[in-house]
Every structure is written in C-alpha cells, then in structure tokens.
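Participant:
4 protein chains.
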Amino acid sequence: MKEKIIKSFNEQQFMQTLGAELISVEKGLVKIACTFHEGLTQQNGYFHAGVLTSIADSACGYAALTLMPEDADVLSVEFKVNLLRPAVGKRIIAIGKVFKAGKTLTICDGFVMDEQEKTVFTKMVATMICMQKNR
Amino acid sequence: MKEKIIKSFNEQQFMQTLGAELISVEKGLVKIACTFHEGLTQQNGYFHAGVLTSIADSACGYAALTLMPEDADVLSVEFKVNLLRPAVGKRIIAIGKVFKAGKTLTICDGFVMDEQEKTVFTKMVATMICMQKNR
Amino acid sequence: MKEKIIKSFNEQQFMQTLGAELISVEKGLVKIACTFHEGLTQQNGYFHAGVLTSIADSACGYAALTLMPEDADVLSVEFKVNLLRPAVGKRIIAIGKVFKAGKTLTICDGFVMDEQEKTVFTKMVATMICMQKNR
Amino acid sequence: MKEKIIKSFNEQQFMQTLGAELISVEKGLVKIACTFHEGLTQQNGYFHAGVLTSIADSACGYAALTLMPEDADVLSVEFKVNLLRPAVGKRIIAIGKVFKAGKTLTICDGFVMDEQEKTVFTKMVATMICMQKNR
Numbered sequence: 001m002k003e004k005i006i007k008s009f010n011e012q013q014f015m016q017t018l019g020a021e022l023i024s025v026e027k028g029l030v031k032i033a034c035t036f037h038e039g040l041t042q043q044n045g046y047f048h049a050g051v052l053t054s055i056a057d058s059a060c061g062y063a064a065l066t067l068m069p070e071d072a073d074v075l076s077v078e079f080k081v082n083l084l085r086p087a088v089g090k091r092i093i094a095i096g097k098v099f100k101a102g103k104t105l106t107i108c109d110g111f112v113m114d115e116q117e118k119t120v121f122t123k124m125v126a127t128m129i130c131m132q133k134n135r
Numbered sequence: 136m137k138e139k140i141i142k143s144f145n146e147q148q149f150m151q152t153l154g155a156e157l158i159s160v161e162k163g164l165v166k167i168a169c170t171f172h173e174g175l176t177q178q179n180g181y182f183h184a185g186v187l188t189s190i191a192d193s194a195c196g197y198a199a200l201t202l203m204p205e206d207a208d209v210l211s212v213e214f215k216v217n218l219l220r221p222a223v224g225k226r227i228i229a230i231g232k233v234f235k236a237g238k239t240l241t242i243c244d245g246f247v248m249d250e251q252e253k254t255v256f257t258k259m260v261a262t263m264i265c266m267q268k269n270r
Numbered sequence: 271m272k273e274k275i276i277k278s279f280n281e282q283q284f285m286q287t288l289g290a291e292l293i294s295v296e297k298g299l300v301k302i303a304c305t306f307h308e309g310l311t312q313q314n315g316y317f318h319a320g321v322l323t324s325i326a327d328s329a330c331g332y333a334a335l336t337l338m339p340e341d342a343d344v345l346s347v348e349f350k351v352n353l354l355r356p357a358v359g360k361r362i363i364a365i366g367k368v369f370k371a372g373k374t375l376t377i378c379d380g381f382v383m384d385e386q387e388k389t390v391f392t393k394m395v396a397t398m399i400c401m402q403k404n405r
Numbered sequence: 406m407k408e409k410i411i412k413s414f415n416e417q418q419f420m421q422t423l424g425a426e427l428i429s430v431e432k433g434l435v436k437i438a439c440t441f442h443e444g445l446t447q448q449n450g451y452f453h454a455g456v457l458t459s460i461a462d463s464a465c466g467y468a469a470l471t472l473m474p475e476d477a478d479v480l481s482v483e484f485k486v487n488l489l490r491p492a493v494g495k496r497i498i499a500i501g502k503v504f505k506a507g508k509t510l511t512i513c514d515g516f517v518m519d520e521q522e523k524t525v526f527t528k529m530v531a532t533m534i535c536m537q538k539n540r
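Residue numbers (the numbering used here), protein chains in the order written: chain A, 1 to 135; chain B, 136 to 270; chain C, 271 to 405; chain D, 406 to 540.
1. Could you tell me whether any Cβ in chain D is nearer than 8 Å to the Cβ of Arg405(C)?
2. When the Cα of Ile23(A) is compared with those of Phe79(A), Ala63(A), Glu78(A), Ser76(A), which residue comes out closest?
3. Beta strand (DSSP E) containing Val295(C): first to last residue?
4. In chain B, which residues lie with their C-beta within 7 Å of the C-beta of Lys350(C)?
5. Using a Cβ-Cβ cutoff of 9 Å, what residues of the segment 375–402 of chain C are near chain A? List them in chain order.
6. Whose Cβ in chain B lies nearer than 7 Å to the Cβ of Asn11(A)?
7. Which one of Cys513(D), Lys412(D), Thr527(D) has the shortest CA to CA distance from Lys432(D)?
8. Going by the beta-carbon positions, is the gap between Phe121(A) and Ile92(A) smaller than 8 Å?
9. For Met533(D), count neighbouring C-beta atoms within 10 Å of its own C-beta (all shown protein chains included) and say buried if the count is 16 or more, exposed if not.
10. Quick one, which of Met394(C), Gly372(C), Ala371(C) has its alpha-carbon nearest Phe234(B)'s?
11. Quick check: is the beta carbon of Leu354(C) nearer than 8 Å to any beta carbon in chain B?
12. How would you list, in chain order, the residues of chain C whose beta-carbon sits under 7 Å from the beta-carbon of Val74(A)?
13. Taking beta-carbon pairs under 7 Å, can you tell me which members of the segment 152–183 of chain B lie near chain A?
14. Would Leu470(D) and Ile410(D) be called neighbours here (beta carbons separated by less than 8 Å)?
15. So Ser324(C) packs on Gly455(D), CB below 8 Å; how close in whole Å?
16. From the DSSP output, in three-state form, read off Asn82(A) for me.
17. Out of Gln402(C), Glu387(C), Gly359(C), which one is the CA nearest neighbour of Leu375(C)?
18. Alpha carbon to alpha carbon, what distance is there between Met518(D) and Thr524(D)?
19. Taking DSSP's pairing of strands, which residues face Ala396(C) in a bridge?
20. Verify the CB distance criterion: does Lys370(C) have a CB-CB separation below 8 Å to chain B?
21. What did DSSP end up calling Val493(D) once you bin it into helix, strand or coil?
22. Does Glu213(B) pass the burial test, meaning 16 or more other C-beta atoms within 10 Å, or should it be called exposed?
23. Short of 8 Å in beta carbon distance, which residues of its chain neighbour Pro69(A), apart from the five on each side in sequence? Order them along the chain.
24. Could you pull the DSSP bridge partners for Met401(C) from this structure?
25. Hey, could you find the ends of the beta strand (DSSP E) Leu299(C) is sitting in?
26. Residue range of the alpha helix (DSSP H) that Lys373(C) falls in?
27. Which value, in whole angstroms, describes the spacing of the CA atoms of Ser193(B) and Glu117(A)?
28. Looking at C-alpha atoms only, which residue of Leu353(C), His318(C), Gly380(C), Lys301(C) is the closest neighbour of Glu416(D)?
29. Given a threshold of 16 other Cβ atoms within 10 Å of its Cβ, counted over all protein chains shown, does Met285(C) qualify as buried or as exposed?
30. How many angstroms separate the CA atom of Arg270(B) from the CA atom of Asp206(B)?
31. Thinking C-beta only, is Gly450(D) closer than 8 Å to Cys439(D)?
32. From Leu457(D), Glu426(D), Ala531(D), pick the residue whose C-alpha is nearest to that of Lys80(A); which is it?
33. Taking 8 Å as the threshold (C-beta atoms), are Lys225(B) and Glu250(B) in contact?
34. Comparing C-alpha positions only, which one of Val295(C), Gln283(C), Cys330(C) sits nearest to Lys272(C)?
Written as structure tokens, this is what we have:
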C-alpha cells in the first residue's frame, strides 16, 4: 500500500514542480511537505493558496487511498478550503486524515501547517471517490 | 484598475511557475489561461486539481478586485471546488465572475474550461475579502 | 417521474412542517415555494438559514432525481451554502438546477430567491448520489 | 454572555418549530439538542438534512458569538455540510466549536451526533461574521 502511494506520488509531476515530498504514509493519515521558494508565492510573498490546496488535496487523496481496496484508485470529487492566515515559513506540512471511509466515498480533513505542526494555515474538507479497476 | 491587476498578477510568481497568463480583465470578470505541460500533471497525465484551483482562485480574486475601491487589496477567505471531469487539452481557461459584490465580502463563481469555453472541468464558489489599506 | 417526485415530496414530513410546496418539476429543474410565518424565523425576524437550506436541498435533490433512472432514489452527499442577504418577503422560491448529471454523482446549483425570482438570498452547490434499488 | 445567547436562541422561533433546545454554552463551544418527531423527517423517516443543518448552523453561530465583543451580533456567511450517514435516534445533538476566532470572521466546526456523542451524522464547516452594533 505504501509502495503504491509512493509510486503514484512520484507520477504526479506537479508535486515535483512544487518541490513537494511525501513524508509520511499511515493508514488513514498522509503527510506531504513543501519547502518555500519564490516560485510558489502570491503577490505578498506568501505561499499561494493554490500551493496549499494542491498539497492538501494530494495528502487527503492518499489518506483515503490507504483505506481502499488494493486495486483501487482515488479521485477528488470536491473540496472546500478555508484560508485562515497567510502561510509563511521555510517549510510547510500538509496533513490528510480520513474522517469517514466509505465503499464509494471517503471524507477527509486536510490541514496545512507550519513545520512544527502548531499553526494551521489552511483547513480542507474533501470528498474522495474510489475508482475500482476492472481487471 | 486593469494596470493594478496586471501588476499584481505579475507579482504572483506562482502564476509564472504554472505558465499562466492573464488574458482578460473586465469589471467583475477575469480570465486566466494555462498551457499544458508535463510539470502540471497528476498521476494519470491530466492537469492536477491544484493547478485548476490555483488559476480559478486567482481569476475569482481579481474579478472581485475589479469592483473594489482603488486602494484595496483582495484575499481569498474560502472556496469550494467541484472537480467535474478530468481536465485535458492543450490549453485551459479559468473564468472568475463576481456573483455578489459587498463592502467586506464578495462572492464569485469560478469555472475552468477547455479553450473553446464549452466544457466545464471544474467549478468553484469563492468568498473574497476586501483589505483596505490605511494610507 | 413527476408523480414519483410529488409522492416523495409528500412523504417528506419536514416540508409540511415548513409549509413548503412543490411548485414546478421539469427535467433538471425543480422549484419549491415557502410562505413566511413566524415559526420559520431567526432572531431578527428573517427566514432562518436552516429553512433556506432545507428547501434548496430538497429542490436540488429532486432536480437530480429527474435525470436518474426510474427505480433510483437520491441522497444528498454534501452541499455548500452562501448566505448572501437576509431572506425576507411573504413567499420565497427555492430553485434546484442540475449542473452536471453523472451515473453516480450529480452536481446541482440551488438558489433561494424572492417570489419574483429577481433577488438571490442564498446560493447552494450540492452533490447528490444516485441510490439504485435492487429489485 | 450566556444570557445573551439564551435570549437570542429563544428569539429564533424556528428553533421552537424544530423543538430544539440549547443544552450547553461554553466559551467557543455550544450544544443544541433536538428530539425526534415525525414532522422533522425526510422521505425515508430519517431526520431531514435541513434539520441537521439548522441546528448545526445555530450551534456554530452561537459558539462564534461566545468569543465576540459583548455588543456584537453574529451572522452566517457560508457553510459546507457533509451528510455522512442517515440521522436516526430519539435525540440528536449539534455541537458547534470555534476553530479560529477572528475580528471579522470566525471559522467553526459543527457536528451533529447521536445522543451519546459517539457517531457523527453530519459535519459542518461554517464562516461566521461579527456584526458590531453602533450604539
């Protein structure tokens, strides 16, 4: 399961564009880190909301995937993001946690935090769908 | 107003990382285009949901800004995104439209579409806040 | 299809508690009206956000159901509501419109408006799921 | 503060229509209970999503109000609701918790649970705005 997620993460080329790293994969809980560089900023020099959303969405998707059948893939159906405060710092961490796993739909909470995981910059609630491959 | 938005867009370095272009600025309506390249993809080779969200959020924010006082700045408070179908194609267009402008909060609809603006890949509803500078 | 929806609406006893009426059922578009009475108010005498959400949710659900197979039932998965202005007036109208119909999930736009359908009080985006009965 | 909230709750006539009771008011945390009766049901005999949303919204609004200045009033700006499972049982509890209090906007988490507060039926994230009266 871990290997499948690492492989999938490495195939998300956008994660490499962001310089994002998969730092933790547990059942129902995935963490992705992202290091500051100027190419990730909005007009005030903070991390762009789109960067925060991208890593939170990926963390939530993979958290959902950890609880799905082995041959399943995951897609984001929808998410809602609250931008609580400007995201600053050398490195930020996105945490995806399964809130309720279902056969078809899984609901996840996502948080983007500072490196010490003390301050929440962004909060997400995401609905993920299980795509079962027919082999 | 247009100049202020072009200047702000150019200061969003993340838009350059995405290769996004500001293609239209009217009162209450802003369009941003993004051309496909591999660095923007998720694991199946489609545009990553984070890319779609990033350009939709920026288009909504600037659409809101067109109706705010001259010395105001805009911040995203929250948004909700529905991912309707995989986003494919050489070039995609994000459209931000003001649904209701208010003194403090402005509600926008965002859409990410194909280049012909026929198919909607992603739908956003965003709440923007007006930040008045004290000069 | 219309009959099925009228029957289901009449089984929603909460709609009767609200005094809500199903006033229009077309493919992909359903309208529900609600007449003001004091039992529907919040602390300032406006329609309570919960009333607006209830009729918008039902209108969206039935709009989705009009495009589903005959033996299907519909359930709300999630919705997001923007409360744009206080809802006042003798009678309000909730409009549910299918934005994208899918085999499993259908995305709807909902609006609660004044009786002339000119002013939007509340805006909803809802995800509905098709529940296929096994007969 | 408690008295102000009790007074406001009693002025929300819709809460009485639902038979809802304010059962707990602490700083940043408010609970509202609602007892089952047939007038609150949807077509399958469960609590209607609108009932769940109504009490969750009120619980979140009052939770936000506990942390606002004395002469302030609170209005819901927007909320997102996930309906996780059918809400059944003799009595349900809505819990509103402040996630981040701000001068203008406060973000709350809402949950509607069974009477033992073990199973979550519905999850809400709400943005509340502080309305300062000019006296």
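Where is the CB? At the ideal position from N, CA and C, for every residue including glycine.
Only a predicted model underlies this, so the values are computations on that prediction, with no experimental measurement involved.
Facilitator: Judging by the given coordinates:
1. For Arg405(C), the predicted structure reports a pLDDT of 44, less than 50, and the residue's modelled location is therefore unreliable. A value from the coordinates is still provided. For Arg405(C), the answer is no, since every Cβ of chain D falls outside 8 Å of its Cβ.
2. Among Phe79(A), Ala63(A), Glu78(A), Ser76(A), the Cα nearest to that of Ile23(A) belongs to Ala63(A).
3. From DSSP, the beta strand (DSSP E) with Val295(C) extends over 290–296.
4. For the C-beta of Lys350(C), the chain B residues within less than 7 Å are, from N- to C-terminus, Lys215, Val260.
5. Within the segment 375–402 of chain C, the residues whose Cβ lies closer than 9 Å to some Cβ of chain A are Leu375, Ile377, Val395, Thr397, Ile399, listed in chain order.
6. The sequence given here has Glu at residue 11(A), not Asn. Gln178, listed in chain order.
7. Ranked by Cα distance from Lys432(D), the options Cys513(D), Lys412(D), Thr527(D) are led by Cys513(D).
8. Contact: yes.
9. By the neighbour-count criterion, in which 16 or more other beta carbons inside 10 Å mark a residue as buried, Met533(D) falls on the buried side.
10. Considering only alpha carbons, the answer is Met394(C).
11. Yes - at least one Cβ of chain B is within 8 Å of the one on Leu354(C).
12. Chain-ordered listing is empty here: chain C has no CB closer than 7 Å to the CB of Val74(A), the nearest sitting near 14 Å.
13. Answer set for the segment 152–183 of chain B: Thr152, Glu173, Gly174, Leu175, Thr176, Gln177, Gln178, His183.
14. In terms of Cβ geometry, Leu470(D) and Ile410(D) form a close pair [threshold 8 Å].
15. Correct: roughly 2 Å between the Cβ atoms.
16. Correct three-state label for Asn82(A): strand.
17. Minimum Cα distance to Leu375(C) is reached at Gln402(C).
18. Near 5 Å, if we compare the C-alpha coordinates of Met518(D) and Thr524(D).
19. By DSSP's assignment, Ala396(C) forms a beta bridge with Phe349(C), Cys378(C).
20. Among the residues facing chain B, Lys370(C) is included, as its CB has a counterpart in that chain under 8 Å away.
21. It is coil, neither helix nor strand.
22. Under this definition Glu213(B) is a buried residue.
23. Closer than 8 Å at the Cβ level, and outside the excluded window around Pro69(A), lie Cys130, Gln132.
24. Bridge pairing for Met401(C): Asp343(C) [DSSP].
25. Run containing Leu299(C): 299–305, per the beta strand (DSSP E) assignment.
26. Premise fails: Lys373(C) is in no alpha helix (DSSP H) and is neither H nor E.
27. Looking at the backbone, the Cα of Ser193(B) and that of Glu117(A) are separated by about 27 Å.
28. Of Leu353(C), His318(C), Gly380(C), Lys301(C), the smallest CA-CA separation from Glu416(D) is found for His318(C).
29. Buried, since its Cβ has 16 or more Cβ neighbours within 10 Å.
30. Because Arg270(B) sits at a pLDDT of 43, beneath the cut-off of 50, its placement in the model cannot be relied upon, and the point is left open.
31. At the C-beta level, Cys439(D) and Gly450(D) stay beyond 8 Å of one another.
32. When only C-alpha atoms are compared, the closest one is Ala531(D).
33. Remark: C-beta atoms of Glu250(B) and Lys225(B) approach each other more closely than 8 Å.
34. The alpha carbon of Lys272(C) has as its nearest neighbour, out of Val295(C), Gln283(C), Cys330(C), the alpha carbon of Val295(C).
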